[in-house]
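Q: So that you can map any letter, position 35 of the sequence shown is 58 in our numbering, and since no number is skipped, the others follow by simple counting. Positions of the beta carbon are idealized from the N, C-alpha and C atoms, including for glycine.
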Amino acid sequence: MPDGFDQFAADRLDRLLRYATAVTCDRHLAQDIVQDVLLRVQRRWSRIEQLDAPYLYVKRMVTNEYLSWRHRRAARDIASSLGTLDALTPPAGDPAVRHAERDAMRVRIGVLPRRQRAAIVLRFYEDCTDQEIAQVLGCTESTVRSHISRALATLRADARIPAEVPR
């Protein structure tokens, strides 16, 4: 029978990888981040498992790792390949036009500032509340709303400019 950490990692690894991939726009960077975080979580599991929401805490660790200075250079190189997220969650019956629109949106999201990008992904991809996003980002709920508002304004403005869809 697996111990608590092994069970947690088995249950949540896919979700953590999907979240990290969506935030980083780079599957390989996401894998590195999740691996580093899970190694730290394993060492501290006795404390982390006692928390009210261990998954949110670990998601915050993933977010902080992404936002940290160690990955700033990697965050500038946005991978916008067609298969980045599709490899983890393939679309079912998605027409070619929807692929192009989704890829164009990924490119637009990829140029947002990192905190805004994380807030957008947490809200619309992970379906988190303002309170949960605030916990993950380590800020207030009003700051979360500000990040999302600014990101959406940028995305709306960018939507008027035709995006080059990567091939």
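Straight-line CA distance for Val-188 to Val-60?
A: To locate residue 188, count along the sequence shown from 1; it is residue 165. To locate residue 60, count along the sequence shown from 1; it is residue 37. Summary for Val-188: the model assigns pLDDT 41, below 50, so the residue's position carries little reliability; its value from the coordinates is reported in the next sentence. Val-188 and Val-60: Cα-Cα distance of roughly 33 angstroms.
Q: According to DSSP, simplified to helix, strand and coil, what is Arg-173?
A: Here residue 173 refers to the residue found at position 150 of the sequence shown. It is helical.
Q: At a cut of 8 angstroms, does the segment 159 to 172 reach the segment 48 to 62 through at least three beta carbon pairs?
A: Not touching, per the Cβ criterion.
Q: What's the C-alpha gap between Leu-36 and Gln-58?
A: Locating residue 36 in the sequence shown gives position 13, where the first residue counts as 1. Locating residue 58 in the sequence shown gives position 35, where the first residue counts as 1. For Leu-36 and Gln-58, the distance between alpha carbons rounds to 10 angstroms.
Q: Is DSSP giving Asp-37 helix, strand or coil here?
A: In the sequence shown, the residue the question calls residue 37 occupies position 14. Helix, per DSSP.
Q: Tell me the rounded alpha-carbon separation between Asp-126 and Cys-48.
A: To locate residue 126, count along the sequence shown from 1; it is residue 103. To locate residue 48, count along the sequence shown from 1; it is residue 25. One C-alpha to the other measures close to 11 angstroms.
Q: Have a look at Arg-41 and Glu-72 and give me their C-alpha separation to the nearest angstrom.
A: To locate residue 41, count along the sequence shown from 1; it is residue 18. To locate residue 72, count along the sequence shown from 1; it is residue 49. Using only the alpha carbons, I get a separation of about 22 angstroms.
Q: For Val-81, which residues of its own chain have a beta-carbon under 6 angstroms away from its beta-carbon, when the five flanking residues on both sides are left out?
A: As a first step, residue 81 is located in the sequence shown; it is residue number 58 there, counting from the start. Once the five neighbours on either side are set aside, the close Cβ partners of Val-81 are Val-64.
Q: Report, in whole angstroms, the separation of the C-beta atoms of Leu-160 and Arg-146, which I expect to be a contact under 8 angstroms.
A: On the sequence shown, residue 160 is found 137 positions in, with the first residue counted as 1. On the sequence shown, residue 146 is found 123 positions in, with the first residue counted as 1. Between Leu-160 and Arg-146 the beta-carbon gap is near 11 angstroms, outside 8 angstroms, which marks them as no contact.
Q: How far does the alpha helix (DSSP H) with Gln-73 in it reach, from first residue to last?
A: Residue 73 sits at position 50 when you count from the first residue of the sequence shown. Element bounds for Gln-73: n/a, residue is neither H nor E.
Q: With Arg-146 as the anchor, note down where its alpha helix (DSSP H) starts and where it stops.
A: Here residue 146 corresponds to residue number 123 of the sequence shown, with the count starting at 1. Here Arg-146 belongs to no alpha helix (DSSP H), and DSSP marks it neither H nor E.
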